[in-house]
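One structure is given below, encoded as structure tokens.
2 protein chains.
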Amino acid sequence: MSTSHRVTPITAVDSDTSTVSRLKVACSNCNLRELCMPIGISTSEIDQLDELVYTRRKVKRGEALYRTGEAFEALYAVRTGFFKTRLTFQDGRDQVTGFSMAGELLGLDGIGTENHTVDAVALEDSEVCMIPYDKLETLSGEMPSLRTHFHKVMSREIVRENSVMMLLGTMRAEERLAAFLLNLSQRMQSRGYAALEFHLRMTREEIGSYLGMKLETVSRLFSRFQADGLIDVDQKYVRIKDIDGLKAIYAHHTQ
Amino acid sequence: MSTSHRVTPITAVDSDTSTVSRLKVACSNCNLRELCMPIGISTSEIDQLDELVYTRRKVKRGEALYRTGEAFEALYAVRTGFFKTRLTFQDGRDQVTGFSMAGELLGLDGIGTENHTVDAVALEDSEVCMIPYDKLETLSGEMPSLRTHFHKVMSREIVRENSVMMLLGTMRAEERLAAFLLNLSQRMQSRGYAALEFHLRMTREEIGSYLGMKLETVSRLFSRFQADGLIDVDQKYVRIKDIDGLKAIYAHHTQ
DNA sequence: ATCGGCTTTTGATGTCGATCAAACGCGCTC
DNA sequence: GAGCGCGTTTGATCGACATCAAAAGCCGAT
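Protein chains in written order, with this note's numbering: chain U, 1 to 255; chain G, 1001 to 1255.
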């Protein structure tokens, strides 16, 4: 590992809101780098990334990182915490379109129209790295590996949404919830957390919105999964007892 | 950085399949350019685009432009015709994830994993412009307007899928079908076709798959919309008689 | 022109998940 | 520690859409 350290003064500046702090972020030190930035790049390139990503921002639980309609300025890499993204329809109904955890990128929705089209709301006290989009555009012109990586991230988001469409379009409620738990488990694991035991950051209602069902249905299914010995649930705590059973529900399903 | 421009002779070659023809495509002449390429670029930049997009391919009705699992090599801009993209789940169920018409881009799903994750199937005899992805990557490094445009296209695809998630997650069947018709109408119009009268290229089953309902439900809703004076339907032919009525179903909804 | 297969329509019935409702429990604040 | 509000659980009932079924229409092949 190359650890060329430019000793840059860390200057905390007062900004208009207390949640923004201009601290040196240093991708070079970030243990999430492999999750949100291209791997196998040179040390000089890492220095460039450190210049691209220079601002952190804290977002308290319940607060929005950005809102629908706001001018799109930056992408955000989740450093710590947990977010939901929420699309609000003109008549007031809304839909949770995703949950984001450490290392994942938020804000891609805003590039196309230059305004955000969803809300990103913190489900726990969180911290993000701000990636000014104009700088990313410029730097990605000079840095093929960054450009390639960025395109892959966007493409994967498209693919993820495809599979959510499949979930919502063709699967039954129990299959959706099993898929949801398996997906969470897998993402926990890839971040080095326990794969089979975790705290949900979202409410039953938010899970239900994401999965296209009502909160009562989510609750009933949790209870049934527990009765069937697949999981233990206690409020937000979940322990997966029979991951193969969950997979069978998810994939095997009918007959 | 390889920034050299080699003038490669464009030769019509016989390939293994009869559907590929290496002909000069000439974005510079294409009346779809404003739909699939950045506007307001210089003539020298248009020349570069002409070098990027140099192959056309015909796809017959029912044939796949690409299939799940195939190596990802290129994006495709639809020149003429109509496609569906289809995600197949491990147990065989599938979901139509989108319909693509002239000027729209296909293949974005493959960038992330370097393999296609869906099938793209022509619903009528169609023709596409092939955009070799490695060349697009390279050229987008040199051409900021192309890069910006490409990012916007991807972002808009993410936003489109968000709204499909909303559709599938929170809307009732009649709202979904109204949304579908309005969306088709709007896309026809933006291509200079009649907005209120068109032939559907897809079956009731494909519409149903896209909208998360069964073909019988699609058929019943068409009949009901007709009985209510909103549309005329005869097989694949649709005429919108009361577009505001459709909008009211789509947006006003509840109560 | 006839045949056969596929798409579409329409009806009868079934069911999954929504809705309505009530009670409980957890975590606030005072 | 008491009281309150929100999130959750669970039960009873309802309804939208699925499923099952059959007939009719359309289209291409012979």
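Using N, Cα and C, we set each Cβ at its ideal position, and we do this for glycine too.
- request: Would you identify the three-state DSSP class for LYS241(U), choosing helix, strand or coil?
  value: Here residue 241(U) corresponds to residue number 241 of the first sequence, with the count starting at 1. Here LYS241(U) carries a coil assignment [DSSP, helix/strand/coil].
query: When DSSP labels each residue in this structure, what does ALA1298(G) get in the three-state scheme?
result: Look at the range of chain G in this structure, 1001 to 1255, and you will see that residue 1298(G) is not part of it.
message: For ASP1134(G), report the span of its alpha helix (DSSP H) as first-last.
response: Counting from one through the second sequence, the residue named residue 1134(G) turns up at place 134. DSSP places ASP1134(G) in the uninterrupted alpha helix (DSSP H) bounded by 1133 to 1142.
query: What does a CB cutoff of less than 7 Å around GLN48(U) pick up in its chain, not counting 5 residues either side in sequence?
result: Working through the first sequence from its first residue, we reach residue 48(U) at position 48. The residues LEU139 and MET143, in chain order, have a CB closer than 7 Å to that of GLN48(U) in the same chain once the five nearest residues on each side in sequence are set aside.
message: What residue range does the alpha helix (DSSP H) around TYR210(U) cover?
response: The count along the first sequence starts at 1 and reaches residue 210(U) at position 210. First-last of the alpha helix (DSSP H) with TYR210(U): 204 to 211.
- prompt: Are the beta-carbon atoms of MET1213(G) and VAL164(U) separated by less than 7 Å?
  reply: Residue 1213(G) sits at position 213 when you count from the first residue of the second sequence. Residue 164(U) sits at position 164 when you count from the first residue of the first sequence. Not closer than 7 Å, so no.
Proximity of ILE1249(G) and ALA1178(G) at Cβ, strictly below 7 Å: In the second sequence, residue 1249(G) corresponds to position 249, counting from 1. In the second sequence, residue 1178(G) corresponds to position 178, counting from 1. Taking 7 Å as the Cβ cut-off, ILE1249(G) and ALA1178(G) qualify as a contacting pair.
message: Could you check whether SER1126(G) and THR1080(G) sit closer than 7 Å to each other, using their CB atoms as the reference points?
response: Counting from 1 along the second sequence, the entry for residue 1080(G) is found at position 80. Counting from 1 along the second sequence, the entry for residue 1126(G) is found at position 126. SER1126(G) sits close to THR1080(G), with the two beta carbons spaced by under 7 Å.
message: Cβ closer than 7 Å: which chain G residues qualify as neighbours of VAL118(U)?
response: Against the first sequence, residue 118(U) aligns to sequence position 118. Result: ASN1162.
- prompt: Exposed or buried, what is GLN1095(G) when buried is set at 16 or more other beta-carbons lying within 10 Å of its beta-carbon?
  reply: Position 95 of the second sequence, counted from the start, is the residue given in the question as residue 1095(G). Classification of GLN1095(G): buried, given that the 10 Å Cβ count is 16 or more.
- request: Determine the DSSP secondary structure at VAL156(U), reduced to helix, strand or coil.
  value: By 1-based counting over the first sequence, the position of residue 156(U) is 156. The sequence shown places Arg at residue 156(U), not Val. Reduced to three states, the DSSP call for ARG156(U) is helix.
message: Counting only Cβ pairs nearer than 8 Å, list the residues of chain U close to VAL1218(G).
response: Locating residue 1218(G) in the second sequence gives position 218, where the first residue counts as 1. What VAL1218(G) touches in chain U: nothing, since even the nearest Cβ is about 13 Å away.
message: List, in chain order, every chain G residue whose beta-carbon is nearer than 7 Å to that of LEU112(U).
response: For the purposes of this step, residue 112(U) is taken as residue 112 along the first sequence, with counting starting at 1. In the sequence as displayed, the identity of residue 112(U) is Gly instead of Leu. GLY112(U) reaches chain G at LYS1152, SER1155, ARG1156 and VAL1159, counting residues in chain order whose Cβ is nearer than 7 Å.
field: Validate contact between the region 1113 to 1123 of chain G and the region 1084 to 1091 of chain G using beta carbons, cut 8 Å, 3 pairs
entry: Contact between the region 1113 to 1123 of chain G and the region 1084 to 1091 of chain G is established, with three or more Cβ pairs separated by less than 8 Å.
- request: Mind listing the chain U neighbours of GLN1189(G)? Cutoff is C-beta to C-beta under 8 Å, in chain order.
  value: As a position in the second sequence, residue 1189(G) is number 189, starting the count at 1. Identification of chain U residues near GLN1189(G) by a Cβ-Cβ cut-off of 8 Å yields none; the smallest Cβ-Cβ distance measures about 19 Å.
query: Quick one: is GLY1208(G) buried, meaning 16 or more other Cβ sit within 10 Å of its Cβ, or exposed?
result: Counting from 1 along the second sequence, the entry for residue 1208(G) is found at position 208. Flag for GLY1208(G) reads buried.
message: Taking the beta carbon of SER1100(G) as the centre, do at least 16 other beta carbons fall within 10 Å, making it buried, or is it exposed?
response: The residue given as residue 1100(G) occupies position 100 in the second sequence. Around the beta carbon of SER1100(G), 16 or more other beta carbons lie within 10 angstroms, which makes this residue buried.
message: What does DSSP give as the partner residue(s) for PHE1072(G) in the beta ladder?
response: As a working mapping, residue 1072(G) is identified with position 72 in the second sequence. For PHE1072(G), which the question treats as bridged, DSSP gives no partner whatsoever.
- prompt: Is GLU1216(G) helix, strand or coil by DSSP?
  reply: Looking up residue 1216(G) in the second sequence gives position 216. If DSSP states are grouped into helix, strand and coil, GLU1216(G) belongs with the helices.
message: From the DSSP secondary-structure annotation, give me the bridge partner or partners of GLU1127(G).
response: Counted from its first residue, the second sequence places residue 1127(G) at position 127. Looking at the DSSP output, GLU1127(G) shares a beta bridge with LYS1058(G) and THR1080(G).
task: Tell me, please, whether the CB atom of GLY1169(G) is closer than 7 Å to any CB atom in chain U?
output: In the second sequence, residue 1169(G) corresponds to position 169, counting from 1. For GLY1169(G), the answer is yes, since a Cβ of chain U falls inside 7 Å of its Cβ.
query: Tell me, which residues are paired with GLY1098(G) by DSSP?
result: Here the question's residue 1098(G) lines up with position 98 in the second sequence. Bridge partners of GLY1098(G): THR1085(G).
field: ARG1006(G), DSSP secondary structure in three states
entry: Position 6 of the second sequence, counted from the start, is the residue given in the question as residue 1006(G). Only weak support exists for where ARG1006(G) lies, its pLDDT of 40 falling under 50; the value from the coordinates is given anyway. Assigned with DSSP and collapsed to three states, ARG1006(G) falls in coil, not helix or strand.
query: Taking the C-alpha atoms as reference points, what is the distance between LEU108(U) and ALA1227(G)?
result: Along the first sequence, one-based indexing puts residue 108(U) at 108. Along the second sequence, one-based indexing puts residue 1227(G) at 227. So the two alpha carbons sit approximately 42 Å from each other.
Same chain, Cβ closer than 6 Å to HIS149(U), five either side skipped, listed in chain order: Here residue 149(U) is taken as the residue at index 149 of the first sequence, counted from 1. These residues qualify, in order along the chain: PRO38.
- request: Taking a Cβ distance cut-off of 7 Å, strictly less, list which residues of the region 1089 to 1103 of chain G are near chain U, in chain order.
  value: Those would be PHE1089, GLN1090, ASP1091, ARG1093, GLN1095 and THR1097, in chain order.
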